[in-house]
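Colleague:
2 protein chains.
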Amino acid sequence: MITELITVGTEILLGNIVNTNAQFLAQKCALIGYSVFYQSTVGDNEERLADQLKTALRRSDVVILSGGLGPTEDDLTKETAAKVCKKKLIEDENTKKRIKNYFARTKRKPSDNNWKQALVPEGAIVVDNDNGTAPGIIMEIDGKTIILLPGPPNELIPMVNSKIVPYLKNKMPNTILSAMVKICGIGESKAESMIRDLIDQQTNPTIATYAKTGEVHIRVTASASNEKDAKKKIKPIVEELRKRFGDAIYTVKEEETLEHVVVRKLQKQGLTICTAESCTGGMLSSRLINVPGASDILKIGLVTYSNRAKRKFIDVNRDTLKKYGAVSKETAKEMAKGAVFKTDADVSLAVTGIAGPDGGTKEKPVGTVFIGCYYNESVVVEEFHFTGDRNKIRELTVVNALDLLRRRMLENHEEKNND
Amino acid sequence: MITELITVGTEILLGNIVNTNAQFLAQKCALIGYSVFYQSTVGDNEERLADQLKTALRRSDVVILSGGLGPTEDDLTKETAAKVCKKKLIEDENTKKRIKNYFARTKRKPSDNNWKQALVPEGAIVVDNDNGTAPGIIMEIDGKTIILLPGPPNELIPMVNSKIVPYLKNKMPNTILSAMVKICGIGESKAESMIRDLIDQQTNPTIATYAKTGEVHIRVTASASNEKDAKKKIKPIVEELRKRFGDAIYTVKEEETLEHVVVRKLQKQGLTICTAESCTGGMLSSRLINVPGASDILKIGLVTYSNRAKRKFIDVNRDTLKKYGAVSKETAKEMAKGAVFKTDADVSLAVTGIAGPDGGTKEKPVGTVFIGCYYNESVVVEEFHFTGDRNKIRELTVVNALDLLRRRMLENHEEKNND
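These protein sequences, in sequence, are chains G and L.
Heads up, the first sequence is in our numbering, so the first residue is 595 and it goes up one at a time.
Heads up, the second sequence is in our numbering, so the first residue is 595 and it goes up one at a time.
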């Protein structure tokens, strides 16, 4: 089915925010077999929005609009869609109740504007919003589907995952199923060249690679008349990928992240961890506690950004810092050791690097990072040279730190056999 | 001038990459007074691209296309644009030389396909690409401007900054200038309602509000025949905003972030800080070290996620945890105090909360957060009730922690007079 995305919002037209909703919706559509041929963005302007919606309805089967469902006067997506479809807006009792409860729960008072959000086009399917006041709306008119979604990603994403995707899947004659193979430590072009033959032969299942920060994800998507047949098509491809990428694959579960895998392995081996971070400043510990139950394994996270903090809190030797510098193999090693000895954790990850934009030298340019990992009573330090801006370098550091520990835990024979 | 952006690429339609080019181009256009009314994305498909370009030329003065200038057969933006404008493609000698040199410099050989990139529409302005082979192209036809840009951001961004922006500025009769007023601690709808009259009256300068996580930014943009006059138009509006929002404004500098302001104030007062984080897991310390020079002020960052870590590393009383719970005013207070006493920092920020998705209770639902701030020898604890997903709650916690410390530093008489 030809699908079109219309994101509504002056803040996107002005470039104040990047259009992540369009990417998210496009990905979801691709996953369930809806072909997005057009994406567009218009401001909160009734005439231009109406024109865009009319054009979309002429050329596409499904039109998904996001944004402009807020309580202010500027928000007019719902009003415009109703007008284009010649539908009256009527009050939805259920939504009114939900808004009332929402404000009660957050101990605030609704403003008069908020009740505008309880109005819905006559005959529409109302989709509850569990994270905000504006409901989602589905209209089926003359064989076309129009879906209105709230703009804030923290409202849109859960609504799409829990309610819109099942709705769209249900409209689809075929079952579309996919598996996600997640890889760390191999770049996108190398990964692609390792499976070029598979990509070139692909028909059903299809194979697509996605570059993530420090990771490559490979999606294998099959279409079949039922789930069992779709699974059967996917299985041999995933097995082939396992053969080619080996231990670089950290999971084949869609919802599992690298930090999930690391935390799960630590829990399984009954180990606690301590982090000692310099350039990442807490991003590593913050990734670990993304995982439910991480409080069992994270003994403490230490952000030792200054030389003084490295000396005082994790016993890095003054001479080491003087002789080799704060960004060095030697310092990373002492950080990893010191963190374990000072905190009684079983395992540690220590990072020190030059994330830029300043601080680079000829010998140690911006992007130079040392990651130390204390595990099984020994420290391993790896040296990395990342490219990108400050944030990119910090994110790459976090991913590679997690992956270093993951690989060390894999080497552990006992774990490998049990896993 | 009404401006339209068309990004070309199947990888965007499939959601494989997020459309950062559109954001970048939109920002640049807004800054120099080109009004982007439409953005759209189409795949590498001649028919749909031609349709989109024709529509754009009907309704806009300037159309900027990015992507599809590569050497492969799929790349057909230039060919399509030439066809729509009824122009022949002719070889550009200069570009041919440049491509030859480019390959010589990178020690590779051009493929036959690459020479396709030396073809340009007759009469077009050719814009050299300093970071790749595909040149940019500007066509002026019937009072409309069509600009073709290469898709890779590392080619597009420098080309736009050094060549396209000056070209567009030169076409513009007026000077456009803007100021950014950044506010913390007031929600978007409240902020808007506080300046509804100003927004309703706006013509020149224009006033627009943008909701950021935990913040509201207000952009004031003036158009005038010269910079001095534009500044004169902006000044009284910024003064009026200062009157209305008072101390909630943390900066009026475009490039300054909340963490910049906090770090600068700490530096000015000669104070060091220690963070003690539970639910944010290091996000607060990581925000602080975004600021160059933060190593002077961040004594250490502590991530005390488990009860045990709170007891062991920052002396939170076992009875306090038992009686009031880890997420409580009392625990936040002891965390803030303990962090200062254990680390000899002058100031501390301590956060403890329920970021969800689990862990909420009727008395303390998900989103309940306590932020403690030790400053000037006393602890203040504030209670918050945030909504959103886990990450949103954590980000809101970080912003409000920084803002709590900022406001406390403002109260300090000496600082206020000097600032």
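Ideal Cβ positions, reconstructed from N, Cα and C, are used throughout, including at glycine.
(1) Span of the alpha helix (DSSP H) holding arginine 1000 (chain L)?
(2) Within this structure, are the beta carbons of alanine 933 (chain L) and alanine 949 (chain L) separated by less than 9 Å?
(3) Between the stretch 713-724 of chain L and the stretch 672-681 of chain L, do at least 3 Cβ pairs fall closer than 8 Å?
(4) When DSSP labels each residue in this structure, what does proline 715 (chain G) get in the three-state scheme?
(5) Rounding to the nearest angstrom, what Cα-Cα distance links glutamate 1005 (chain L) and valine 846 (chain L) in this structure?
(6) Beta-carbon within less than 8 Å of glutamine 861 (chain L)'s beta-carbon, same chain only, minus the 5 sequence neighbours each way: which residues are those?
(7) With H, G and I counted as helix, E and B as strand and the rest as coil, what does DSSP make of leucine 643 (chain G)?
(8) Is it the case that the stretch 839-853 of chain G contacts the stretch 776-787 of chain G, given that we only count it when at least three CB pairs across the two stretches are under 8 Å?
(9) Quick check on the burial criterion: 16 or more other C-beta atoms within 10 angstroms. Buried or exposed for asparagine 688 (chain G)?
(10) What's the C-alpha gap between glutamate 605 (chain G) and isoleucine 611 (chain G)?
(11) Are at least three pairs of beta-carbons, each pair with one atom in the stretch 715-735 of chain L and one in the stretch 680-700 of chain L, less than 8 Å apart?
(12) Using the C-alpha atoms, what's the distance from glutamate 977 (chain L) back to lysine 701 (chain G)?
(13) What does a CB cutoff of less than 8 Å around arginine 984 (chain G) pick up in its chain, not counting 5 residues either side in sequence?
(14) By how many angstroms is the C-alpha of leucine 915 (chain G) removed from the C-alpha of lysine 827 (chain L)?
(15) Out of L:Leu607, L:Thr925, L:Lys958, L:Val975, point me to the one whose CA is closest to methionine 639 (chain L)'s CA.
(16) Put alanine 842 (chain L) into one of helix, strand or coil per three-state DSSP.
(17) Rounded to whole angstroms, how far is the Cβ of glutamate 734 (chain L) from the Cβ of alanine 650 (chain L), which I believe are closer than 8 Å?
(18) State yes or no: is the C-beta of tyrosine 969 (chain L) nearer than 8 Å to some heavy atom of the ligand SAM?
(19) Tell me which residues of the stretch 604-633 of chain L have at least one Cβ-Cβ distance to chain G shorter than 9 Å, keeping chain order.
(20) Which stretch, first to last residue, makes up the alpha helix (DSSP H) that contains phenylalanine 907 (chain L)?
(21) Quick one: is glutamate 871 (chain L) near chain G, going by C-beta distance under 9 Å?
(22) Using C-beta distances below 6 Å, list every residue in its chain close to valine 992 (chain G), excluding the 5 sequence neighbours before and after it, in chain order.
(23) To the nearest angstrom, report how far apart isoleucine 693 (chain G) and serine 783 (chain L) are at their CA atoms.
(24) Hey, out of L:Phe618, L:Cys623, L:Ser819, whose CA is closest to aspartate 655 (chain L)'s CA?
(25) Would DSSP call valine 759 (chain G) helix, strand or coil?
(26) Look at the alpha carbon of glutamine 633 (chain G) and the alpha carbon of arginine 699 (chain G), and state the distance between them as a whole number of angstroms.
(27) For the pair the stretch 742-761 of chain G and the stretch 720-729 of chain G, tell me if three or more CB-CB distances fall below 8 Å.
(28) Might you give, ordered along the chain, the residues of its own chain that have their beta carbon closer than 8 Å to the beta carbon of serine 705 (chain G), omitting 5 neighbours on each side?
(29) Apply the 10 Å Cβ neighbour rule to serine 772 (chain G) and answer buried if 16 or more other Cβ atoms are within range, or exposed otherwise.
(30) Under 9 Å between C-beta atoms, does arginine 692 (chain G) make it to chain L?
(31) Which residues does DSSP list as the beta-bridge partners of glycine 730 (chain L)?
(32) For the beta strand (DSSP E) that contains threonine 769 (chain L), what are its first and last residues?
(33) Should histidine 811 (chain L) go down as buried or exposed, given a rule of 16 or more other Cβ atoms within 10 Å for buried?
(34) Rounding to the nearest angstrom, what Cα-Cα distance links valine 703 (chain L) and glycine 781 (chain G) in this structure?
(35) Quick one: is leucine 896 (chain L) near chain G, going by C-beta distance under 9 Å?
(36) Using beta carbons (cut-off 9 Å, strictly below), is tyrosine 804 (chain G) in contact with chain L?
Modeller: Let me spell this out:
(1) For the purposes of this step, residue 1000 (chain L) is taken as the residue at position 406 of the second sequence. Unbroken alpha helix (DSSP H) run through arginine 1000 (chain L): 984-1005.
(2) What you label residue 933 (chain L) is simply residue 339 of the second sequence in a count that begins at 1. What you label residue 949 (chain L) is simply residue 355 of the second sequence in a count that begins at 1. At a Cβ-Cβ threshold of 9 Å, alanine 933 (chain L) and alanine 949 (chain L) do not count as neighbours.
(3) yes
(4) Translated into the one-based positions of the first sequence, residue 715 (chain G) becomes position 121. Of the three classes helix, strand and coil, the one that applies to proline 715 (chain G) here is strand, per DSSP.
(5) Here the question's residue 1005 (chain L) lines up with position 411 in the second sequence. Here the question's residue 846 (chain L) lines up with position 252 in the second sequence. If you take the alpha carbons of glutamate 1005 (chain L) and valine 846 (chain L), they lie about 19 Å apart.
(6) Here residue 861 (chain L) refers to the residue found at position 267 of the second sequence. Result list for glutamine 861 (chain L): Gly887, Asp890, Ile891, in chain order.
(7) By one-based count along the first sequence, residue 643 (chain G) stands at place 49. The answer is helix: DSSP assigns leucine 643 (chain G) an H, G or I state.
(8) yes
(9) Position 94 of the first sequence, counted from the start, is the residue given in the question as residue 688 (chain G). Exposed, by the Cβ-count rule.
(10) The residue you call residue 605 (chain G) lines up with position 11 of the first sequence. The residue you call residue 611 (chain G) lines up with position 17 of the first sequence. Rounded to the nearest angstrom, the two C-alpha atoms are 6 Å apart.
(11) yes
(12) In the first sequence, residue 701 (chain G) corresponds to position 107, counting from 1. In the second sequence, residue 977 (chain L) corresponds to position 383, counting from 1. So the alpha carbons of these two residues sit roughly 12 Å apart.
(13) Reading the first sequence from its first residue, position 390 is the one you call residue 984 (chain G). Around arginine 984 (chain G): Ala949, Gly950, Pro951.
(14) Residue 827 (chain L) sits at position 233 when you count from the first residue of the second sequence. Residue 915 (chain G) sits at position 321 when you count from the first residue of the first sequence. Each residue's alpha carbon lies about 54 Å from the other.
(15) Taking the first residue of the second sequence as 1, we reach residue 639 (chain L) at position 45. The sequence shown places asparagine at residue 639 (chain L), not methionine. Of the candidates L:Leu607, L:Thr925, L:Lys958, L:Val975, the one whose C-alpha sits nearest the C-alpha of asparagine 639 (chain L) is L:Leu607.
(16) The count along the second sequence starts at 1 and reaches residue 842 (chain L) at position 248. DSSP places alanine 842 (chain L) in helix when its eight states are reduced to three.
(17) In the second sequence, the residue the question calls residue 734 (chain L) occupies position 140. In the second sequence, the residue the question calls residue 650 (chain L) occupies position 56. Actually they do not touch by this definition, with Cβ atoms about 15 Å apart.
(18) Of ligands this structure carries none, so the ligand SAM is not represented either.
(19) Listed by position, the residues of the stretch 604-633 of chain L near chain G (Cβ gap below 9 Å) are Ile606, Leu607, Leu608, Gly609, Asn610, Ile611, Val612, Asn613, Thr614, Ala616, Gln617, Phe618, Leu619, Ala620, Gln621, Lys622, Cys623, Ala624, Leu625, Ser629, Val630, Phe631, Tyr632, Gln633.
(20) What you label residue 907 (chain L) is simply residue 313 of the second sequence in a count that begins at 1. Here the alpha helix (DSSP H) through phenylalanine 907 (chain L) covers 901-908.
(21) Walking along the second sequence from the start, residue 871 (chain L) turns up at place 277. Closer than 9 Å to some Cβ of chain G, the Cβ of glutamate 871 (chain L) qualifies, so yes.
(22) Counting from one through the first sequence, the residue named residue 992 (chain G) turns up at place 398. Here the set comprises Thr874, Met877, Leu878, Arg881.
(23) The sequence position of residue 693 (chain G) within the first sequence is 99, counting from 1. The sequence position of residue 783 (chain L) within the second sequence is 189, counting from 1. So the alpha carbons of these two residues sit roughly 16 Å apart.
(24) Working through the second sequence from its first residue, we reach residue 655 (chain L) at position 61. Cα-wise, what sits closest to aspartate 655 (chain L) is L:Cys623.
(25) Your numbering for residue 759 (chain G) matches position 165 in the first sequence. Helix at valine 759 (chain G).
(26) Within the first sequence, the letter at position 39 stands for residue 633 (chain G). Within the first sequence, the letter at position 105 stands for residue 699 (chain G). Rounded to whole angstroms, glutamine 633 (chain G) to arginine 699 (chain G) spans 36 Å at the Cα level.
(27) In short, these stretches touch, since the Cβ pair count reaches three.
(28) Within the first sequence, numbered from 1, the residue matching residue 705 (chain G) stands at position 111. Correct list, in chain order: Pro665.
(29) One-based indexing of the first sequence puts residue 772 (chain G) at position 178. Buried, by the Cβ-count rule.
(30) The residue labelled residue 692 (chain G) in the question sits at position 98 within the first sequence. It does not; no Cβ of chain L falls within 9 Å.
(31) The count along the second sequence starts at 1 and reaches residue 730 (chain L) at position 136. The partner list for glycine 730 (chain L) (beta bridge, DSSP) reads L:Val721.
(32) As a position in the second sequence, residue 769 (chain L) is number 175, starting the count at 1. Threonine 769 (chain L): member of the beta strand (DSSP E) spanning 769-778, first to last residue.
(33) Working through the second sequence from its first residue, we reach residue 811 (chain L) at position 217. Counting Cβ neighbours within 10 Å, histidine 811 (chain L) comes out buried, since at least 16 surround it.
(34) Your numbering for residue 703 (chain L) matches position 109 in the second sequence. Your numbering for residue 781 (chain G) matches position 187 in the first sequence. Sequence inspection shows lysine at residue 703 (chain L); the valine mentioned does not correspond to that position. Using only the alpha carbons, I get a separation of about 23 Å.
(35) By 1-based counting over the second sequence, the position of residue 896 (chain L) is 302. Flagged as an interface residue toward chain G: leucine 896 (chain L), by a C-beta distance shorter than 9 Å.
(36) Against the first sequence, residue 804 (chain G) aligns to sequence position 210. True, the Cβ-Cβ gap to chain L drops below 9 Å.
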